[in-house]
Each structure stands twice: as structure tokens, then as C-alpha cells.
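In full-length UniProt numbering, the protein residues as written are 1 to 333. Just so it is clear, CB atoms sit at the ideal spot from N, CA and C, and this is done for glycine as well. Report on the structure given below.
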Amino acid sequence: MLVATTYLRLLLKTLSLNEADQAALLSGSGIAPDELFSLNSHLPLDGHLDLLRKIMELRPEPGFALRVGQQLHIATHGPIGVAAYTSSTLGEALSTIARFYSIRGQFIDIGLHSDGEFLSFSLRLRSAFDDTGLFLIEAFLASAQTGIEFITGGPLREARLEIGYPAPAHAALYHEHFRMPVRFGCAETALVLPIRLLQTPSLHADPVAKLQAEQQCEQQFQDLQQAPSAISTRIVTLLRANPGRLWTLPEVAEALNLSARTLMRRLKEEGQTYQALHDAELHRQARIHLQDARHTGESLALALGYSDPSGFRRAFQRWFGMSVREYLDRQRR
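Laid out in C-alpha cells, this is it:
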């Protein structure tokens, strides 16, 4: 799954790193500087998330994501941004973003739901809700507010933000930053606005520019669909499409219509091993399952596909640096 590197470049610009610091940040990431700084470059989703974690270590202060998102002018989103702000109305702009967002980022799924009185523009993370996931949600929400206010010319005070997680320690910054009511602990994270606001005209409506931008979006979407994926990306995609199963290398090779020897050779060419990819994906799935406090060690092992308890315990110790019992005890304190 490939993601445009635009936002990583903007993040590095925000950090004001010199070339030496940038090289140190990319060291060990498997990402070459020319891959990151090429204008139309794309990288796998996991590579983005790993690099984002390293960036967050440099700027751990609360609210950093809100400030980053606020600085993202709608035009920085490329043809999606142009297609949005040249729409005739706010409702058309939101529909455009939901339709084409996947060509710019694969971090979040967007949903549009209406009950006849309100429209819900909802967000769902594709990764675990950890510090990195929180960063992505906060940056997206802040950027969305900036874009909407550019389109309409002012804040949507009749709208509200429903946040699908408990209030974080820096919750006060939400109330300072967002010019609308904010509610925590909701069923999902969403911008909720009265249906009548969807007819708010865009200050920058331009049918010709919108058509051109949408054509660019369609072309980029097709290019991404047709782009040859690295074998490691194809493996991760297969594993994620079949959670709860422990795939062996020969099984994966057969599913990808390759011989096991060819699969290992191509992974070696990419500097990867099957065991490392498989282990990283199981670790990711475990983190997602652990968001459900009802899990026990046994139920977590079954959810991941383990039939051998001892093998699961060894893997968990490797992933988290502690036993399953220690982890669950800390989580429940």
C-alpha cells in the first residue's frame, strides 16, 4: 500500500532539520533521501508510520499534531485540495475529499453518513490507536478545520467535533484550537454538522478548475492501482487481508503465484525477510487487539492464530519486552 510522501516532507520542514539531522532521522529506516524528497514519490504505509514515530520522538510535546495540521493549507493536498475548494458548496467539497482521499494518504478511512438532520464526516484509523494514531487523527482534524474555513470564509460554529476516545491529557488544547464544541468519549471520531450547512457556497468555486483537478485525481488513483507493488508490500497486504491465520512462507508463495525460492530471492533483493515481515504484522495485530480490555492471553493468542501457547508467549515477550500477564496487569491498573 503506497502513500504519497508529501506530508512527511512537510513534517520535516516544520522541524527545520538540517541535512545531517535529516540523514540521521532516515538512518535505518530503509528510506533513501531521494525517495522522500522526490516531488511525486510514494512509500509503503508501514515506512511512513515508522518514520513518523521517529519524528514524534524529536517533538514529543502535546499539541504538536494540532499545530502541524493547522499549517496545512488546503492547497498542500494537491489536486484533492483544489477539487475541494473549487467545489460549488461545502457539501460537494466534503464529498470530494471522501471520494479521493486514498490517493493522498492511506492512514484513515473516511465515511459520510446522514440521518436527515446532520451529516457525519467520520474518521477511522487503519493502524493501531497508539501515539502515532493519535497524531494522525489530530493532524487530520486540524487540517480539515483549516480547509473548511478557507472554503466557507469562517468557522462553522454550528458544527461539532465528536472524538471517539477519552479526553487526552492535553484536551484543553482541543478546546483552544477548534472553533466549535468538542465532545470526547463518543462512539466514533467525526465532524458533525447540520445538513443545511452543506449548501454553504464555496468562496473559490470554479467549475472548470474543479473538473481539471478531478481528472488529475482520477488519473493518480488509476496510477496507484496499476503501480507494481514491492513483494514485501504484497505480502503485508495478504497478511492483513487474512487476520487470525499464521501463514507459512510456502503458503504465501502459493497465494502470490510464486515459488518459495523466488519469493525468498525477491525479498532478499528488497532487504527483507519473510519472518521479519510476518512478525511485524503479528505485532501490529496484537496492538490493535489489546485495545479491547476484555482480552486474556488465551483469547489474544487465538485471535492471532496461535495454537501453541508457548510459541505465542515467546512472540509476545519479543514484541513488548514483557510477558502477556505483565502487560495486561499494567493495562488494567
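Outcome for residue i when other beta-carbon atoms lying within 10 angstroms are tallied against a minimum of 16
{"i": "glutamine 275", "result": "exposed"}
{"i": "alanine 23", "result": "exposed"}
{"i": "glutamine 331", "result": "exposed"}
{"i": "glutamate 57", "result": "exposed"}
{"i": "glycine 78", "result": "buried"}
{"i": "alanine 172", "result": "exposed"}
{"i": "histidine 48", "result": "buried"}
{"i": "glycine 147", "result": "buried"}
{"i": "leucine 211", "result": "exposed"}
{"i": "arginine 261", "result": "exposed"}
{"i": "isoleucine 74", "result": "buried"}
Assigned secondary structure, residue i (DSSP; H/G/I helix, E/B strand, else coil)
{"i": "glutamate 19", "result": "helix"}
{"i": "phenylalanine 107", "result": "coil"}
{"i": "proline 194", "result": "strand"}
{"i": "threonine 14", "result": "helix"}
{"i": "proline 201", "result": "strand"}
{"i": "threonine 86", "result": "coil"}
{"i": "arginine 126", "result": "coil"}
{"i": "leucine 112", "result": "strand"}
Opening and closing residue of the alpha helix (DSSP H) in which residue i lies
{"i": "threonine 237", "result": "231-241"}
{"i": "phenylalanine 150", "result": "131-152"}
{"i": "residue 334", "result": "This structure leaves residue 334 out entirely; the chain is present only between 1 and 333."}
{"i": "phenylalanine 100", "result": "90-100"}
{"i": "aspartate 50", "result": "45-58"}
{"i": "residue 335", "result": "A query on residue 335 cannot be resolved here, the shown segment of the chain reaching from 1 to 333 and no further."}
Where the beta strand (DSSP E) containing residue i begins and where it ends
{"i": "serine 323", "result": "Unbroken run through serine 323: none, as it is neither H nor E."}
{"i": "leucine 161", "result": "160-162"}
For residue j and residue i, believed in contact at Cβ under 8 angstroms, the rounded distance
{"i": "glycine 133", "j": "serine 122", "result": "Between serine 122 and glycine 133 the Cβ distance is about 15 angstroms, and since that is not below 8 angstroms, they are no contact."}
{"i": "alanine 167", "j": "phenylalanine 184", "result": "4 angstroms"}
{"i": "serine 11", "j": "leucine 72", "result": "Checking the sequence, you will find leucine at residue 11 rather than serine. Leucine 11 to leucine 72, Cβ: 10 angstroms. No contact."}
{"i": "valine 82", "j": "alanine 213", "result": "4 angstroms"}
{"i": "glutamate 138", "j": "glycine 69", "result": "7 angstroms"}
{"i": "phenylalanine 107", "j": "phenylalanine 221", "result": "Between phenylalanine 221 and phenylalanine 107 the Cβ distance is about 17 angstroms, and since that is not below 8 angstroms, they are no contact."}
{"i": "serine 202", "j": "leucine 90", "result": "7 angstroms"}
{"i": "tyrosine 85", "j": "histidine 204", "result": "5 angstroms"}
(message) I'd like the ranges of any alpha helix (DSSP H) spanning at least 4 consecutive residues and lying wholly in the segment 260-330.
(response) 260-269, 274-289, 297-304 and 309-320
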